[in-house]
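K.L.:
Just so we're aligned, residue 810 is where the sequence shown starts under the numbering used here, counting upward by one. C-beta atoms are modelled at their ideal positions from N, C-alpha and C, and glycine is treated no differently.
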Amino acid sequence: MKPVPLLLSLGLLTSQLPPAPARAEESSPTNQRVRVAAVQAQRRVIDFRLAQSADVLTHVDKNLTELERIVHQAGAQKCDALAFPEDTLGLLNWTGVNEAAAKEVLPAAVKRMLDRLGRAAASHRMFLIVCSDHLEADGGMYNTAFFLGRDGKEIGRYHKVCPTWSESGPRKRGSSFPVFPTPDLGTVGMLICYDLVMPETARSLALAGADLIFFPTMGGATIGDDDIGEQALRVRAVENFVWLIVAHRGSGAMIISPQGKIVARAEGPDGFAIADIDPFGGREGGDAMNHQRDMRARLFRERNPAAFGLLTDSNPPVLSKVPIDLTSGEAGRIAARVLTVGEEEFKAADALARAGETRDAIAAFQRLRAEYPASWIDRVAQDRLAKLQPAGADSTPTVGASGIAAQFPGDTGLERDTRVLFAENFETGRLDDLAKRWSSMKGNAGQVLAFAEDAPPASAGKRCLQITAALGENDGGHLYKQLSRGVEKLHARFYVKFAEDAPYVHHFVHLGGYRPPTPWPQGGAGERPRGDERITVGIEPHGLYGSVPPPGAWNFYSYWHEMKVSADSKYWGNAISPETPLLVPRARWQCVEVMLKLNSAPDQADGELALWLDGEKAMHIAKGTPRGPWSGMGFKLPKAGGTPFEGFRWRTSDELKLNFFWLLHYVTDLAPRQNRVANPNRINRVWFDDIVVATDFVGPIQPKR
810 MKPVPLLLSL GLLTSQLPPA PARAEESSPT NQRVRVAAVQ AQRRVIDFRL AQSADVLTHV
870 DKNLTELERI VHQAGAQKCD ALAFPEDTLG LLNWTGVNEA AAKEVLPAAV KRMLDRLGRA
930 AASHRMFLIV CSDHLEADGG MYNTAFFLGR DGKEIGRYHK VCPTWSESGP RKRGSSFPVF
990 PTPDLGTVGM LICYDLVMPE TARSLALAGA DLIFFPTMGG ATIGDDDIGE QALRVRAVEN
1050 FVWLIVAHRG SGAMIISPQG KIVARAEGPD GFAIADIDPF GGREGGDAMN HQRDMRARLF
1110 RERNPAAFGL LTDSNPPVLS KVPIDLTSGE AGRIAARVLT VGEEEFKAAD ALARAGETRD
1170 AIAAFQRLRA EYPASWIDRV AQDRLAKLQP AGADSTPTVG ASGIAAQFPG DTGLERDTRV
1230 LFAENFETGR LDDLAKRWSS MKGNAGQVLA FAEDAPPASA GKRCLQITAA LGENDGGHLY
1290 KQLSRGVEKL HARFYVKFAE DAPYVHHFVH LGGYRPPTPW PQGGAGERPR GDERITVGIE
1350 PHGLYGSVPP PGAWNFYSYW HEMKVSADSK YWGNAISPET PLLVPRARWQ CVEVMLKLNS
1410 APDQADGELA LWLDGEKAMH IAKGTPRGPW SGMGFKLPKA GGTPFEGFRW RTSDELKLNF
1470 FWLLHYVTDL APRQNRVANP NRINRVWFDD IVVATDFVGP IQPKR
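Written out as structure tokens, the structure is:
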């Protein structure tokens, strides 16, 4: 093609090639120039609320009309190749919350994209790269880049090999790095967004002979702040001596030479980065000992592949040091909500803060942090809370604070909330079915565990679980649940009812964490655990040595690595309770909720404990909470005065997470002996119902209207 000016204008866009001191592309034997362009497409996102496939496709057609205009603008500038960003059609958000309907929409949408944009590009004899989720013949959904020839027909396609953790939930991974030889662009490869965070992806294409890599994306090439993402793009180009054509949504579209120089940038929405390049040139490099016209001749011979075996290990040793809290499916569901309703919920919380509704704003941001862990919403909500809450303020919900249950009257559908890790209402199946829902179960012969026709007020169900325990050292029952993932904060809400003649008991409901996680409860009574292996916090009735009537008063009973030793040189669970006893009622249902929050780092003592009874906060223990004298048996929370609590340093390793809930009921002779009961009741029945384990405050069941 003819020489072209270095300054190209398109509407409000100006893409300027900076002076290239060596004009590296001129040094190839062919000196064959082509004009390549990358679109900096503005945000065209199809509304995730659209329920009808026809409506979605109508919006796809509208977007395609605008994209055709961009293709023709590039053609008017005599471009030989044009690349659009990732998610060219804007369907990503919609697909995230409409996975079932996507199977109907995606095939039609992708066909329209390839047909319409292919025809537009062919009218200018221009190569085209577009990108979209696509359903393949194997039934899998892949994030796919399509390479169309000058005739508008598909030359080839690439399936994203390295999707993010959240993206890989509904999508399948690609398994190869295809390259496509052309007479004038050289050998072409494609990568998509997160692919380039992995250096091996670009290297694989380079080793396969790629001269030029088209990179449709919505992100950079690394995880970091400032301009590190842009610098990583430059490094990917120069470490492989390839041309890198970056088509970026919103901002950041650019063209990078094989020597890592940015030779063109786009400006403004729908702007172009345009450059005239020699795909076969610009690769001079070397050192004082050896200089090459094409540095690939040395670089790829100086590798030592025999030493790189670890790169193909799907479970390298480092993964044992860095467990991940979420499954890819859970991460995918969170990501889909972050991109859609999460963003709207965040804006609503921000509006409350701007309106001066501080209490409601705090509650909203707390809920957002719990519902969207590790996302940008979580991080920014944390910043907002730091500004809204005075230092040291109690941030746990108080009387009347709405929780997860407030959004699901009767608890109906509550288990679908992403904050809920486990829910059990004892309404379905037999005892053997119950055993399948829990990780470990004891007493399922019908004599200890049984279903009863009873339920708390406002509950949508009719059944509950009855546990009958006879006096004895190991006579009772339990249900233990290993949670699907480990978390930093855990709420456990349950309803409980004691019999009218209930005796004193010991051992009741526990939550905590084991490392490694186990599908059964571990022992350890009388022993202080290591800070990297175990945390156990129980909430149970205690008779306070006969000073309160049975079954006793609510009391925390905890094992962790900084617990105090008792007078007999044993480590029995340290007890924490208020100076005014929280008496456990008999013959009526009570809603009990416990919160356990881990310390944020091994050297921080900012862990917390809290208790709500019938929705009202009864205890909250954190750093600075006034406490009484601390003995080997624990401490009291005084009505007035006291010493500021040093705080809970629950763990010494970030790898120890909260990952279990344990409901147990035993009656031993220890409880009556401690409480000076001469003739203890030998049989004790207790009823449980409507258990919810979550990452956020649950609250009592709300009645259906």
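#1: Name the one or two DSSP bridge partners that C1400 has.
#2: Would you tell me roughly how many angstroms separate the C-alpha atoms of R1012 and G961, rounded to the nearest one?
#3: Could you check whether the region 1142-1150 touches the region 1104-1117, counting it as contact only if at least three pairs of C-beta atoms, one from each stretch, sit closer than 8 Å?
#4: Going by other Cβ atoms of all chains shown within 10 Å of its Cβ, with 16 needed for buried, is R832 buried or exposed?
#5: Per DSSP, which one or two residues make a beta bridge with K1445?
#6: If you drop the 5 nearest sequence neighbours on each side, which residues of the same chain put their C-beta closer than 6 Å to that of R1107?
#7: I'd like the list of long-range same chain contacts for K1513, defined as Cβ closer than 8 Å, with 5 residues on each side in sequence excluded.
#8: Smallest Cα separation from F986: which of I1022, R980, G995, L957?
#9: What residue from R1239, A1215, S1462, F936 has the CA that sits closest to E1297's CA?
#10: Throw me the rounded Cβ distance for the G1018 and V988 pair, which I believe falls under 8 Å.
#11: Among Y1475, N1364, M1442, whose alpha-carbon lies nearest the alpha-carbon of A1427?
#12: Can you tell me whether F1506 is helix, strand or coil according to DSSP?
#13: Count Cβ pairs between the region 1464-1473 and the region 1286-1306 that sit closer than 8 Å; are there 3 or more?
#14: Looking only at DSSP bridge pairs, what is I964 linked to?
#15: Cα-Cα, which of Y951, A931, R966, L915 is closest to V939?
#16: Quick one: grab the DSSP three-state call for R832.
#17: DSSP beta-bridge partners for K1406?
#18: Hey, how far is the Cα of L1446 from the Cα of P1453?
#19: In chain order, what residues of the same chain lie with their CB nearer than 6 Å to the CB of R1337, ignoring the 5 residues before and after it?
#20: Which two residues bound the contiguous beta strand (DSSP E) that contains S941?
#21: Can you give the Cα-Cα distance for P992 and P1088, rounded to whole angstroms?
#22: What does a CB cutoff of less than 8 Å around G1252 pick up in its chain, not counting 5 residues either side in sequence?
#23: Please report the distance separating the alpha-carbon of R1436 from that of F1444.
#24: At a cut of 8 Å, does the region 911-919 reach the region 936-950 through at least three beta carbon pairs?
#25: Measuring alpha carbon to alpha carbon, tell me which of E1139, G1332, V1305 ends up nearest R1395.
#26: So R844 packs on D1036, CB below 8 Å; how close in whole Å?
#27: For the beta strand (DSSP E) holding G998, just list the boundary residues, first then last.
#28: For A846 versus I1083, is the C-beta spacing smaller than 7 Å?
#29: Which stretch, first to last residue, makes up the alpha helix (DSSP H) that contains L1194?
#30: Determine which residues share a DSSP beta bridge with A846 and list them.
#31: Give every residue of the same chain whose Cβ lies closer than 6 Å to the Cβ of L1515, excluding the five residues on either side of it in the sequence, and list them in chain order.
#32: Assign R1239 to buried or exposed, taking buried as 16 or more other Cβ atoms, counted over all protein chains shown, within 10 Å of its Cβ.
#33: Indicate whether the contact test is met: 3 or more Cβ pairs, each with one atom in the region 1167-1176 and one in the region 926-934, closer than 8 Å.
#34: Taking all protein chains shown into account, decide if A1190 is buried (16 or more other Cβ within 10 angstroms of its Cβ) or exposed.
#35: Taking the beta strand (DSSP E) that Q1275 belongs to, which residues open and close that run?
#36: Can you find the residues in the same chain that come closer than 8 Å, C-beta to C-beta, to E835, ignoring five residues on each side of it along the sequence?
P.N.:
Here's the rundown:
#1: DSSP lists Y1304 as the bridge partner or partners of C1400.
#2: 29 Å
#3: no
#4: For R832, the predicted model reports a pLDDT of 39, less than 50, meaning its position is unreliable and no value from the coordinates is stated.
#5: S1386
#6: Only Q1101 meet the Cβ criterion.
#7: P1218, G1219, T1221, A1267, A1269
#8: I1022
#9: S1462
#10: 6 Å
#11: N1364
#12: coil
#13: yes
#14: Answer is none; I964 lacks a bridge partner.
#15: R966
#16: Low per-residue confidence applies at R832: pLDDT is 39, beneath 50, and the placement is therefore not dependable, though the value from the model is reported in the following sentence. In the three-state DSSP reduction, R832 falls in the coil class, being neither helix nor strand.
#17: For K1406, which the question treats as bridged, DSSP gives the partners K1298, E1417.
#18: 10 Å
#19: M1372, Y1380
#20: 936-944
#21: 10 Å
#22: Excluding the 5 residues flanking it on each side, G1252 has same chain C-beta neighbours closer than 8 Å at L1258, I1276, G1285, G1286, H1287, in chain order.
#23: 7 Å
#24: Using a C-beta cut-off of 8 Å, the region 911-919 makes contact with the region 936-950, since at least three inter-stretch Cβ pairs fall below that distance.
#25: V1305
#26: Their Cβ separation, rounded to whole angstroms, is 27 Å, which puts R844 and D1036 out of contact at 8 Å.
#27: 995-999
#28: yes
#29: 1185-1197
#30: L891, I1083
#31: Given that the chain is displayed from residue 810 to residue 1514, the structure contains no residue 1515 and the question cannot be resolved.
#32: exposed
#33: At 8 Å Cβ cutoff, the stretches do not touch.
#34: So A1190 ends up on the buried side.
#35: 1272-1279 is the span of the beta strand (DSSP E), which, as asked, contains Q1275.
#36: Below a pLDDT of 50, predicted positions are generally treated as unreliable, and E835, at 44, falls in that range; the measurement from the model is reported next regardless. Correct list, in chain order: D1087, G1090.
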